[in-house]
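Engineer: Quick note, the sequences are listed as chains Y and X, same order.
Just so we're aligned: 206 in my numbering is position 206 of the first sequence, and the numbers increase by one with no gaps anywhere.
Just so we're aligned: 19 in my numbering is position 19 of the second sequence, and the numbers increase by one with no gaps anywhere.
Just dropping this structure here.
There are 2 protein chains.
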Amino acid sequence: MNENVPQYRKLYELLRKHIVSGVYEEGDLLPSENELCALHGMTRPTVRHALDTLVNEGLILKKQGKGSIVRKPPQNIGILSISGTASAIGVRYLRTDILQKPELRKWPDMFPFDLSEPESESGCIYMERLRYVDGQPVFYDINRLPNINLPRFTNRSLENKSLFEVLRKHYQVNVLGGEQQLKAIVPDARIKNILRLKSGQPVLYIERKLNTNKEGFNIYSTIYFNSEKHTIFGNF
Amino acid sequence: MNENVPQYRKLYELLRKHIVSGVYEEGDLLPSENELCALHGMTRPTVRHALDTLVNEGLILKKQGKGSIVRKPPQNIGILSISGTASAIGVRYLRTDILQKPELRKWPDMFPFDLSEPESESGCIYMERLRYVDGQPVFYDINRLPNINLPRFTNRSLENKSLFEVLRKHYQVNVLGGEQQLKAIVPDARIKNILRLKSGQPVLYIERKLNTNKEGFNIYSTIYFNSEKHTIFGNF
DNA sequence: TAAAGCAACTTGTATTTACAAGTTATTCTT
DNA sequence: AAGAATAACTTGTAAATACAAGTTGCTTTA
Numbered sequence: 001m002n003e004n005v006p007q008y009r010k011l012y013e014l015l016r017k018h019i020v021s022g023v024y025e026e027g028d029l030l031p032s033e034n035e036l037c038a039l040h041g042m043t044r045p046t047v048r049h050a051l052d053t054l055v056n057e058g059l060i061l062k063k064q065g066k067g068s069i070v071r072k073p074p075q076n077i078g079i080l081s082i083s084g085t086a087s088a089i090g091v092r093y094l095r096t097d098i099l100q101k102p103e104l105r106k107w108p109d110m111f112p113f114d115l116s117e118p119e120s121e122s123g124c125i126y127m128e129r130l131r132y133v134d135g136q137p138v139f140y141d142i143n144r145l146p147n148i149n150l151p152r153f154t155n156r157s158l159e160n161k162s163l164f165e166v167l168r169k170h171y172q173v174n175v176l177g178g179e180q181q182l183k184a185i186v187p188d189a190r191i192k193n194i195l196r197l198k199s200g201q202p203v204l205y206i207e208r209k210l211n212t213n214k215e216g217f218n219i220y221s222t223i224y225f226n227s228e229k230h231t232i233f234g235n236f
Numbered sequence: 001m002n003e004n005v006p007q008y009r010k011l012y013e014l015l016r017k018h019i020v021s022g023v024y025e026e027g028d029l030l031p032s033e034n035e036l037c038a039l040h041g042m043t044r045p046t047v048r049h050a051l052d053t054l055v056n057e058g059l060i061l062k063k064q065g066k067g068s069i070v071r072k073p074p075q076n077i078g079i080l081s082i083s084g085t086a087s088a089i090g091v092r093y094l095r096t097d098i099l100q101k102p103e104l105r106k107w108p109d110m111f112p113f114d115l116s117e118p119e120s121e122s123g124c125i126y127m128e129r130l131r132y133v134d135g136q137p138v139f140y141d142i143n144r145l146p147n148i149n150l151p152r153f154t155n156r157s158l159e160n161k162s163l164f165e166v167l168r169k170h171y172q173v174n175v176l177g178g179e180q181q182l183k184a185i186v187p188d189a190r191i192k193n194i195l196r197l198k199s200g201q202p203v204l205y206i207e208r209k210l211n212t213n214k215e216g217f218n219i220y221s222t223i224y225f226n227s228e229k230h231t232i233f234g235n236f
């Protein structure tokens, strides 16, 4: 049951779940630090460590003398959401199909980014997803990540789960930032078929590299987005 | 001398200054926590608090058993920049034509964003620019900003100058963040003509709202980008 | 009644202590 | 000489404690 997860992290996960799942609403006060101590049998430094993590994730805002105020900021970094694509195109009716379950592959010979040594040595986990809004496919993404310290990852089910959430919860991998390139392109036949595009409909093409808190661990994605009826939205 | 600044913050400011000013280079190790304790006469939790702040800012990366590794993440966050696909390195010649010099106008009736009261009261400065890379037009943008405390702005020459730089240097207006929507679209005849597009070439369409350090002062831009030979590039 | 003051909360800062766990270079053994 | 063991580092987690400082609502006082 313990799973060797530190106490502060367990409390962090619990509070985070309660915030994002709606147990607390925007503006609500979290239990005070002393209450959390008593509730979970830990000391204040440990509780504060958990709260600190929530603060720099932007999920709470602490005010001296007042308490910890719940926030629900848009979870976007750069142009696209990091906690999944849901918040980037609006949460309604988003279904995710896994076209290619995570599997171990070689890195492509012609790869647009330079790989670090541990990355190129350990091989690449490859997966493809197709996301639907209102029953229409709008978002097709190809993801590659290095096979470093990801036990049982290829066995994990990612249906309707955020790739980033799985990485964060089970492997303590957090996305810190990255770089991306955007283009409007004319899709080839395959993309046109996957996204069920009308003829002449261009797609938004994004190539991104996300770096994480693990040194030399980057996530590489290629994205095709049908912007006929939707737009990519982002805060920065 | 004390200034009522907490110790951990003083250490943070000091280390931060040393990192950005180049005392430490990318990849260097900071002094160990115990060394910092001894050097500055504080205890480890206090030192760790300072380091935590640096970690959170992305300026260092800690590794258990190793130390605190200095990072130098890219500076311009969220703002787009152009990068060509042809030649990666070298100073790229970017020419800017002002198609419409800044002039005072009414705000459009159908405006996609909600305007604050001071914004809608004071009218809008309108301008259009066309930017060339290697002699080819690639970037056409329409900008609207509220006419608030911008003396002589409509008389200013913006040829080959950054709009943001003028705002920052002469009017102390800094862009803090914003939101944007992206699409791939089929251009109409006017855009096709301005950007000298081949038939069938889609364009990247961006609608953005940038907020600044001046309350209620936002910059609104519409951008058409020819991504045939170039891409929009961004760090975050 | 209205304002001042005072508890009783809240989070903020800081010390001290202890052990766990990952990394690295040296030393010892084979 | 090559490998294993170890010692000496590093950061990570966690406890118990103390006081400072901001916020709030109740109580006292004018």
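Positions of the beta carbon are idealized from the N, C-alpha and C atoms, including for glycine.
Check this for me: beta carbons of residue 99 (chain X) and residue 107 (chain X), under 8 Å apart or not?
Structural biologist: Within the second sequence, residue 99 (chain X) is the residue found at index 99, counting from 1. Within the second sequence, residue 107 (chain X) is the residue found at index 107, counting from 1. No, the Cβ-Cβ distance between residue 99 (chain X) and residue 107 (chain X) is not below 8 Å.
Engineer: Is the shortest distance between the beta-carbon of residue 242 (chain Y) and the beta-carbons of chain X less than 8 Å?
Structural biologist: This structure leaves residue 242 (chain Y) out entirely; chain Y is present only between 1 and 236.
Engineer: Residues of chain Y with CB under 7 Å from residue 137 (chain X), in chain order?
Structural biologist: To locate residue 137 (chain X), count along the second sequence from 1; it is residue 137. Within 7 Å Cβ-Cβ: nothing; residue 137 (chain X) doesn't reach chain Y, min ~15 Å.
Engineer: Identify the continuous beta strand (DSSP E) that holds residue 207 (chain X) and give its terminal residues.
Structural biologist: Mapped onto the second sequence, residue 207 (chain X) falls at position 207. From DSSP, the beta strand (DSSP E) with residue 207 (chain X) extends over 203-212.
Engineer: The ligand FAD and residue 183 (chain X): does any heavy atom of the ligand fall closer than 7 Å to the residue's C-beta?
Structural biologist: Within the structure as shown, the ligand FAD is missing, as the structure has no ligands at all.
Engineer: Would you call the stretch 142-152 of chain X and the stretch 180-197 of chain X in contact, with 3 or more CB pairs under 8 Å?
Structural biologist: No, the stretch 142-152 of chain X is not in contact with the stretch 180-197 of chain X.
Engineer: How would you label residue 214 (chain Y), buried or exposed, when you count the other beta carbons within 10 angstroms and need 16 or more for buried?
Structural biologist: The count along the first sequence starts at 1 and reaches residue 214 (chain Y) at position 214. That one is buried.
Engineer: Give every residue of the same chain whose Cβ lies closer than 7 Å to the Cβ of residue 37 (chain X), excluding the five residues on either side of it in the sequence, and list them in chain order.
Structural biologist: Reading the second sequence from its first residue, position 37 is the one you call residue 37 (chain X). Excluding residues within five positions, the ones whose Cβ falls inside 7 Å are 43, 44, 47.
Engineer: With distance defined between alpha-carbon atoms, name the residue in X:33, X:232, X:218, X:122 nearest to residue 203 (chain X).
Structural biologist: Counted from its first residue, the second sequence places residue 203 (chain X) at position 203. Considering only alpha carbons, the answer is X:232.
Engineer: Per DSSP, what kind of secondary structure is residue 8 (chain X) in: helix, strand or coil?
Structural biologist: Your numbering for residue 8 (chain X) matches position 8 in the second sequence. Helix at residue 8 (chain X).
Engineer: At the level of alpha carbons, what is the spacing between residue 217 (chain Y) and residue 34 (chain X)?
Structural biologist: Reading the first sequence from its first residue, position 217 is the one you call residue 217 (chain Y). Reading the second sequence from its first residue, position 34 is the one you call residue 34 (chain X). C-alpha separation (whole angstroms): 28 Å.
Engineer: If contact means a Cβ-Cβ distance below 9 Å, which residues of the stretch 180-204 of chain Y contact chain X?
Structural biologist: So the list reads 180, 181, 182, 183, 184, 185, 186, 200, 201, 202, 203, 204, given in the order they occur along the chain.
Engineer: Look at the Cβ atom of residue 200 (chain X), then the Cβ atom of residue 186 (chain Y), and state whether they are nearer than 8 Å.
Structural biologist: Your numbering for residue 200 (chain X) matches position 200 in the second sequence. Your numbering for residue 186 (chain Y) matches position 186 in the first sequence. Against a cut-off of 8 Å, the Cβ pair of residue 186 (chain Y) and residue 200 (chain X) comes out as a contact.
Engineer: Residue 166 (chain Y) to residue 153 (chain X), Cα distance in whole Å?
Structural biologist: As a first step, residue 166 (chain Y) is located in the first sequence; it is residue number 166 there, counting from the start. As a first step, residue 153 (chain X) is located in the second sequence; it is residue number 153 there, counting from the start. If you take the alpha carbons of residue 166 (chain Y) and residue 153 (chain X), they lie about 51 Å apart.
Engineer: Which first and last residues belong to the beta strand (DSSP E) in which residue 141 (chain X) is found?
Structural biologist: Here the question's residue 141 (chain X) lines up with position 141 in the second sequence. Residues 136-146.
Engineer: Do we get a CB-CB distance below 8 Å when we pair residue 227 (chain Y) with the residues of chain X?
Structural biologist: The sequence position of residue 227 (chain Y) within the first sequence is 227, counting from 1. Residue 227 (chain Y) counts as touching chain X.
Engineer: Report the rounded CA-to-CA distance for residue 118 (chain Y) versus residue 105 (chain Y), giving the unit in angstroms.
Structural biologist: Counting from 1 along the first sequence, the entry for residue 118 (chain Y) is found at position 118. Counting from 1 along the first sequence, the entry for residue 105 (chain Y) is found at position 105. Looking at the two C-alpha atoms, the distance is approximately 15 Å.
Engineer: To the nearest angstrom, how far is it from the Cα of residue 179 (chain Y) to the Cα of residue 207 (chain Y)?
Structural biologist: Counted from its first residue, the first sequence places residue 179 (chain Y) at position 179. Counted from its first residue, the first sequence places residue 207 (chain Y) at position 207. So the two alpha carbons sit approximately 8 Å from each other.
Engineer: Name the residue from X:109, X:111, X:139 whose alpha carbon lies nearest to the alpha carbon of residue 226 (chain X).
Structural biologist: Counting from 1 along the second sequence, the entry for residue 226 (chain X) is found at position 226. Nearest of X:109, X:111, X:139 to residue 226 (chain X), Cα basis: X:139.
Engineer: According to the neighbour-count rule (16 or more other Cβ atoms, all chains shown, within 10 Å of its Cβ), is residue 11 (chain X) buried or exposed?
Structural biologist: Residue numbering aside, residue 11 (chain X) sits at position 11 when the second sequence is read from its first letter. Buried: at least 16 other Cβ atoms inside 10 Å.
Engineer: CA-CA distance, residue 168 (chain Y) and residue 211 (chain Y)?
Structural biologist: Looking up residue 168 (chain Y) in the first sequence gives position 168. Looking up residue 211 (chain Y) in the first sequence gives position 211. Rounded to the nearest angstrom, the two C-alpha atoms are 13 Å apart.
Engineer: If you follow the alpha helix (DSSP H) that residue 44 (chain Y) is part of, which residue opens it and which one closes it?
Structural biologist: By one-based count along the first sequence, residue 44 (chain Y) stands at place 44. Taken as a continuous stretch (DSSP letters only), the alpha helix (DSSP H) holding residue 44 (chain Y) covers 44-57.
Engineer: Which same chain residues, not among the five before or five after residue 71 (chain X), have their C-beta less than 7 Å away from its C-beta?
Structural biologist: In the second sequence, counting from the first residue as 1, residue 71 (chain X) sits at position 71. The residues are 26, 58, 59, 60, 61.
Engineer: Just to confirm my understanding: we take residue 222 (chain X), look at its own chain, exclude 5 residues before and 5 after, and list those with CB closer than 6 Å. What are they?
Structural biologist: For this step, residue 222 (chain X) is matched to residue 222 along the second sequence. Closer than 6 Å at Cβ, skipping near neighbours: 142, 207.
Engineer: Closest Cβ-Cβ distance between residue 119 (chain Y) and chain X: below 8 Å?
Structural biologist: As a first step, residue 119 (chain Y) is located in the first sequence; it is residue number 119 there, counting from the start. Closer than 8 Å: no.
Engineer: Indicate whether at least one CB of chain Y lies closer than 8 Å to the CB of residue 143 (chain X).
Structural biologist: As a working mapping, residue 143 (chain X) is identified with position 143 in the second sequence. No, its Cβ sits nowhere closer than 8 Å to a Cβ of chain Y.
Engineer: If we ignore side chains and look at the alpha-carbon of each, how far apart do residue 131 (chain X) and residue 97 (chain X) end up?
Structural biologist: For the purposes of this step, residue 131 (chain X) is taken as residue 131 along the second sequence, with counting starting at 1. For the purposes of this step, residue 97 (chain X) is taken as residue 97 along the second sequence, with counting starting at 1. Roughly 6 Å between the two C-alpha positions.
Engineer: Could you check which residue in X:184, X:55, X:151 has the C-alpha nearest to that of residue 170 (chain X)?
Structural biologist: In the second sequence, the residue the question calls residue 170 (chain X) occupies position 170. Ranking the options by Cα distance to residue 170 (chain X), first place goes to X:151.
Engineer: Tell me the residue span of the alpha helix (DSSP H) that contains residue 119 (chain X).
Structural biologist: Taking the second sequence and counting its residues from 1, the one referred to as residue 119 (chain X) is at position 119. Residues 117-122.
Engineer: Starting from the beta carbon of residue 58 (chain X), find every residue of chain Y whose beta carbon is closer than 8 Å, and list them in chain order.
Structural biologist: Here residue 58 (chain X) refers to the residue found at position 58 of the second sequence. Residues of chain Y passing the Cβ test: 176, 177.
Engineer: Who are the near neighbours of residue 32 (chain Y) in its chain, counting only those whose CB is closer than 7 Å to its CB and skipping five residues on each side?
Structural biologist: Counted from its first residue, the first sequence places residue 32 (chain Y) at position 32. If we look at residue 32 (chain Y) and ignore the five residues flanking it on each side, its Cβ neighbours are 67.
Engineer: Along the chain, where does the alpha helix (DSSP H) containing residue 173 (chain Y) start, and where does it finish?
Structural biologist: As a position in the first sequence, residue 173 (chain Y) is number 173, starting the count at 1. Neither: residue 173 (chain Y) is in no alpha helix (DSSP H) and is coded neither H nor E.
Engineer: Going by Cα to Cα distance, which pick from Y:103, Y:69, Y:112, Y:111 is closest to residue 125 (chain Y)?
Structural biologist: As a first step, residue 125 (chain Y) must be located in the first sequence, where it is residue number 125. Residue 125 (chain Y) has its Cα closest to that of Y:103, out of Y:103, Y:69, Y:112, Y:111.
Engineer: Tell me, please, whether the CB atom of residue 290 (chain X) is closer than 8 Å to any CB atom in chain Y?
Structural biologist: Given a span of 1 to 236 for chain X in the structure shown, any question on residue 290 (chain X) remains unanswerable.
Engineer: Spatial neighbours of residue 40 (chain Y) within its chain, please: CB distance less than 7 Å, with the 5 preceding and 5 following residues excluded, ordered by chain position.
Structural biologist: Working through the first sequence from its first residue, we reach residue 40 (chain Y) at position 40. Only 11 meet the Cβ criterion.
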